[in-house]
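Residue numbering for the sequence shown follows this note's numbering, starting at 1159 and increasing by one per position.
Even for Gly, the Cβ is constructed at its ideal location relative to N, Cα and C.
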Amino acid sequence: MKRKNQYSKRDYNNKIYWSGDKKDLRKSFPKWTMVAWALIDFIVGTGLIWYSFSWTKTNILIYYLLFIGGLFSFMMCYVHLSYLWGGKIWGPKK
């Protein structure tokens, strides 16, 4: 575990960095990785919701499970995109 003085001095609240910081594992992901994950989450969420509509007349439980899975995937898309602007999820704890 790193000591506090070994962390990076970057201020993620004021600037968007497009590369990861090798000194700070809290912000070690490059921005393009999060954009790629957000795109994957969006495609999966859209596919799950689209596929759930084919189950509306046959099995309502499967419809709800697929629909909720799609909404969860959209939520993960937002979480991954919030990394770009240093959202509260990714930002420093105050």
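Alpha carbon of residue i to alpha carbon of residue j, nearest angstrom
i, j, result
"Tyr1236", "Lys1215", "31 Å"
"Leu1242", "Lys1189", "6 Å"
"Val1193", "Val1202", "14 Å"
"Thr1204", "Gly1228", "6 Å"
"Met1234", "Ile1226", "12 Å"
"Phe1187", "Phe1211", "35 Å"
Same chain, Cβ closer than 7 Å to residue i, five either side skipped, listed in chain order
i, result
"Tyr1209", "Leu1224"
"Tyr1222", "none"
Cβ-based burial, residue i [other Cβ within 10 Å; buried from 16]
i, result
"Ser1231", "buried"
"Leu1128", "Nothing can be reported for residue 1128: it is not among the residues displayed for the chain, which extend from 1159 to 1252."
"Leu1206", "buried"
Cβ neighbours of residue i in the same chain (closer than 8 Å, five flanking residues each side left out)
i, result
"Phe1200", "Ser1231, Phe1232 and Cys1235"
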